[in-house]
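Peer 1: Sharing a structure, written as structure tokens. Questions coming.
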Amino acid sequence: MTYTIGLATTFHDPALAIIGPDGEVVFAEATERYLQYKRAPNSEPDPVQRMEGLLKRYIPRDADVRIATSWSEDFTGFLDQMSRAGSFSLDALLKLSPELNRSLVPERTERALIASLHLGQQRAGLGTLLGLDRAFGKANVTGLTRYDHHLSHAAYACWSSPFTDAACLIVDGMGETGASAIFALADGKITEVKRHRGRESIGFYFGLVTDLAGFDQAKGEEWKIMGLAPYGKADGALMALLRRLYRIDGHKLSFADAATVRQVSAEILALRPIDALDQGWADLARCGQDVFAEMMEALLTETAALVPAENLVLAGGCALNSSFNGKIVGRHGISRVHVPSAPADDGNAIGAAWLAHAQANPDWRAPEGPQSPYLGSTVSTEPLERMAAWEPRLRKLAPEEVAPVTAQLLAEGKLIGWVQGKAEFGPRSLGNRSILADPRPANAKDLLNAKVKYREAFRPFAPSILAEHGPDWFENYQDAPYMERTLVWKQAMRERVPAVVHEDATGRLQSVTAERNPCYHALIQAFHALTGVPVVLNTSFNIMGKPILHTAEDAILMFYTSGLDALVVEDWLLVK
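Just so we're aligned, residue 46 is where the sequence shown starts under my numbering, counting upward by one.
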């Protein structure tokens with residue numbers, strides 16, 4: 046009996062997955078949740094202080110354990126050579142230029158990121174090994190296997206999808222040889238079709254736009270570009286400058302040389318408004334998003350030419366661009382698109398683990414998808430049980446009361462923290478670690494920002510909608526289980542839920558079904574019965590700059606220190 050532990054070992058978004066002997070994902074979670082450290086840069090995915098408890102919970106004492114990571118043996122060997130040559134020393138880094146290079150990031154920064162990546166590969170699995178020793182007094186580890194970065198993306202994305210046949214496009218910041226790759230999924234098997242080579246990437250391009258617009262890609266603020274873009278206009282001068290960064294020759298996307306990159310960046314900075322660092326630069330966000338779409342369209346054209354298919358699987362960090370994702374269906378013969386719940390590097394924990402499991406079990410096929418996103422930690426209600434002795438506003442509900450009582454509070458305009466079941470795997474709250482609000486009041490968004498989230502007014506809040514009502518509320522409705530795409534609201538419905546209608550009349554929706562999440566579906570159904578609206582406003586249970594909460598203590602602290610009106614943790618209700 047062998048369990049597989051998958052580790053996402055990039056310098057950002059580390060994650061851990063545990064796969065059972067039958068290939069089932071029994072646990073998957075980004076490390077930032079446990080550490081409460083946004084994106085957990087340069088952190089190991091399996092900190093030893095948490096592994097003992099996890100291993101005891103999910104793995105039997107006498108089971109064998111294989112470990113898999115998400116960067117290939119050849120590449121990590123190359124990094125070892127660079128390290129031995131002194132390429133990652135401080136002295137070597139000081140000799141590099143701090144100016145932008147062809148990668149669209151500063152040369153010194155690029156080398157420092159690779160140095161951090163190397164450190165992550167060196168310590169991969171150490172926390173698991175020590176955790177096994179602490180948990181069982183022994184470690185039945187059969188070995189550690191390293192898998193190609195983009196193949197890990199493809200394995201997770203394809204095998205978590207509802208497809209057995211599909212084209213697969215991976216686009217991110219960097220891989221072993223380049224920043225994108227094309228795969229074919231046929232009868233459940235994955236084949237590499239084309240790997241792009243070169244240091245430039247669409248992911249780094251979007252990071253550059255993020256910085257130029259007044260935000261910080263190092264903090265993961267690329268999301269702000271998508272939120273701000275609809276407020277900007279298509280400026281011809283900015284578009285012309287951004288288009289100088291790349292060209293498309295046939296199906297080939299290539300980028301400008303370092304001198305052009307630096308010149309374009311300098312000219313854009315010279316045009317940047319004085320208030321951009323405080324408010325962002327809407328016109329550049331709009332143009333940057335438009336050019337991103339042009340680049341992605343070139344890759345989609347190439348993918349369709351090499352792997353013609355009705356089904357598309359899209360992953361890598363660039364697959365978090367929900368604004369673009371919602372516009373793919375109907376182009377290039379594509380009728381269905383699957384983007385997994387964790388398309389960025391955290392998802393590679395599952396991808397690498399599945400690759401190792403498949404290698405050891407050649408006849409294995411992934412279970413029919415889509416994969417549930419509810420794969421993370423549960424919370425203990427023990428702190429609430431202790432609080433009941435002294436907090437008169439706290440009470441335990443009967444299971445059948447949770448949905449109707451919470452729905453009534455929502456209908457009364459209350460802001461509610463909602464914690465149920467297992468945490469979501471991926472960056473978005475999908476009804477288990479959420480802050481919920483009534484989407485009908487026009488001021489609900491401003492109220493939520495002022496009282497709880499404290500984030501920029503231009504960033505939209507997402508709608509969770511009963512899937513059976515989706516076609517009545519959205520144009521060209523598509524099932525969206527993971528908030529992975531934006532769609533356009535129907536004109537007649539926009540004024541009914543103004544708090545979740547963005548400036549461009551879109552919503553980054555979550556389609557909710559009773560099969561996927563019975564508790565959340567029951568809540569929205571109860572709200573629908575009260576209001577006639579099958580939609581609630583759903584945002585992640587955190588404040589700006591912090592990861593989504595991890596424990597009941599996190600939820601309680603946020604309840605008492607923010608403007609939340611009520612907290613529902615499993616069947617416990619706390620109100621102000």
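Just so you know, even glycine gets a beta-carbon here, dropped at the ideal spot from N, CA and C.
When you compare the CB positions of Thr-49 and Ala-401, do they come within less than 8 Å of one another, or not?
Peer 2: yes
Peer 1: At which residues does the beta strand (DSSP E) containing Ala-502 begin and terminate?
Peer 2: Segment: none, Ala-502 is in no beta strand (DSSP E) and carries neither H nor E.
Peer 1: Quick check on DSSP: helix, strand or coil for Arg-465?
Peer 2: According to the sequence provided, residue 465 is Gln. The question's Arg does not apply to it. Three-state DSSP puts Gln-465 in coil, outside helix and strand.
Peer 1: Excluding the 5 residues flanking Pro-388 on each side, which residues of the same chain have their C-beta closer than 8 Å to its C-beta?
Peer 2: His-198, Ala-202, Leu-359, Ala-360, Gly-361, Gly-362, Ala-364, Leu-365, Gly-471, Glu-529
Peer 1: Given a cut-off of 8 Å, decide if Leu-619 and Ala-397 are closer than it, judged by their beta-carbon atoms.
Peer 2: no
Peer 1: Tell me which residues share the same chain as Glu-69 and place their Cβ nearer than 8 Å to its Cβ, disregarding the 5 neighbours each side in the sequence.
Peer 2: Pro-412
Peer 1: Out of Gly-131, Tyr-103, Glu-152, Gln-166, which has the shortest C-alpha to C-alpha gap to Thr-55?
Peer 2: Gln-166
Peer 1: Taking the straight line between their C-alpha atoms, what separation do you get for Phe-604 and Thr-596?
Peer 2: 13 Å
Peer 1: Tell me whether Asn-356 sits in a helix, a strand or coil according to DSSP, three-state version.
Peer 2: strand
Peer 1: Would you check if the distance between the CB atom of Gln-555 and the CB atom of Ala-507 is smaller than 8 Å?
Peer 2: yes
Peer 1: Which of the three DSSP states, helix, strand or coil, is assigned to Phe-228?
Peer 2: strand
Peer 1: I need the straight-line Cα distance from Lys-467 to Gly-371, nearest angstrom please.
Peer 2: Each residue's Cα considered, the two are about 27 Å apart.
Peer 1: Does the Cβ of Trp-435 have 16 or more other Cβ atoms within 10 Å, making it buried, or fewer, making it exposed?
Peer 2: exposed
Peer 1: Any idea if Gln-523 is buried or exposed, counting beta-carbon neighbours within 10 angstroms, 16 or more meaning buried?
Peer 2: buried
Peer 1: One question on the structure: do Ser-161 and Glu-155 come within less than 8 Å of each other, judged by their Cβ atoms?
Peer 2: no
Peer 1: What does the alpha-carbon distance come out to for the pair Thr-76 and Gly-65?
Peer 2: Thr-76 and Gly-65: Cα-Cα distance of roughly 20 Å.
Peer 1: Relative to the alpha-carbon of Pro-428, which residue among Leu-511, Leu-602, Thr-451 has its alpha-carbon at the smallest distance?
Peer 2: Leu-602
Peer 1: When DSSP labels each residue in this structure, what does Pro-508 get in the three-state scheme?
Peer 2: strand
Peer 1: By how many angstroms is the C-alpha of Thr-173 removed from the C-alpha of Tyr-192?
Peer 2: 18 Å
Peer 1: Less than 8 Å separating the beta-carbons of Thr-255 and Ile-270?
Peer 2: A distance below 8 Å separates the beta carbons of Thr-255 and Ile-270.
Peer 1: Give me the residue from Asn-393, Ala-303, Arg-289, Trp-268 with the minimum Cα distance to Ser-367.
Peer 2: The shortest C-alpha to C-alpha distance from Ser-367 to any of Asn-393, Ala-303, Arg-289, Trp-268 is the one to Trp-268.
Peer 1: Within 8 Å, do at least three Cβ pairs link the stretch 477-488 to the stretch 297-313?
Peer 2: no
Peer 1: Check the C-beta distance from Arg-240 over to Ala-226 and give it rounded, since I have them as a contact under 8 Å.
Peer 2: 5 Å
Peer 1: Would you identify the three-state DSSP class for Asp-178, choosing helix, strand or coil?
Peer 2: helix
Peer 1: Starting from Ala-482, trace the beta strand (DSSP E) both ways and give me its first and last residue.
Peer 2: 478-482
Peer 1: Within 10 angstroms of the Cβ of Thr-121, are there 16 or more other Cβ atoms? Answer buried if so, exposed if not.
Peer 2: buried
Peer 1: Can you tell me which residues form a DSSP beta bridge with Val-533?
Peer 2: Thr-551
Peer 1: So, for Met-432: in the same chain, excluding its five sequence neighbours on each side, which residues have a beta-carbon less than 6 Å away from its beta-carbon?
Peer 2: Leu-439
Peer 1: Under the rule that 16 or more other beta-carbon atoms within 10 Å means buried, what is Leu-214, buried or exposed?
Peer 2: The residue is buried, with at least 16 neighbouring Cβ atoms inside 10 Å.
Peer 1: Check whether the Cβ atoms of Ile-593 and Arg-78 lie closer than 8 Å to each other.
Peer 2: yes
Peer 1: Rounded to a whole number of angstroms, what is the C-alpha to C-alpha distance between Arg-111 and Asp-390?
Peer 2: The alpha-carbon atoms of Arg-111 and Asp-390 are separated by roughly 20 Å.
Peer 1: Out of Lys-591, Asp-217, His-377, Leu-493, which has the shortest C-alpha to C-alpha gap to Thr-348?
Peer 2: His-377
Peer 1: Please state whether the Cβ-Cβ distance between Gly-325 and Ala-258 is less than 8 Å.
Peer 2: yes
Peer 1: For Gln-453, count the other beta carbons within 10 Å of its own beta carbon; 16 or more makes it buried, fewer makes it exposed. Which is it?
Peer 2: exposed
Peer 1: Smallest Cα separation from Leu-61: which of Ala-559, Gly-131, Gly-392, Arg-473?
Peer 2: Gly-392
Peer 1: Output yes or no for whether 8 Å exceeds the beta carbon distance between Arg-247 and Ala-263.
Peer 2: It should be pointed out that residue 247 corresponds to Ile in this sequence rather than to Arg. Not a contact, by the Cβ cut-off of 8 Å.
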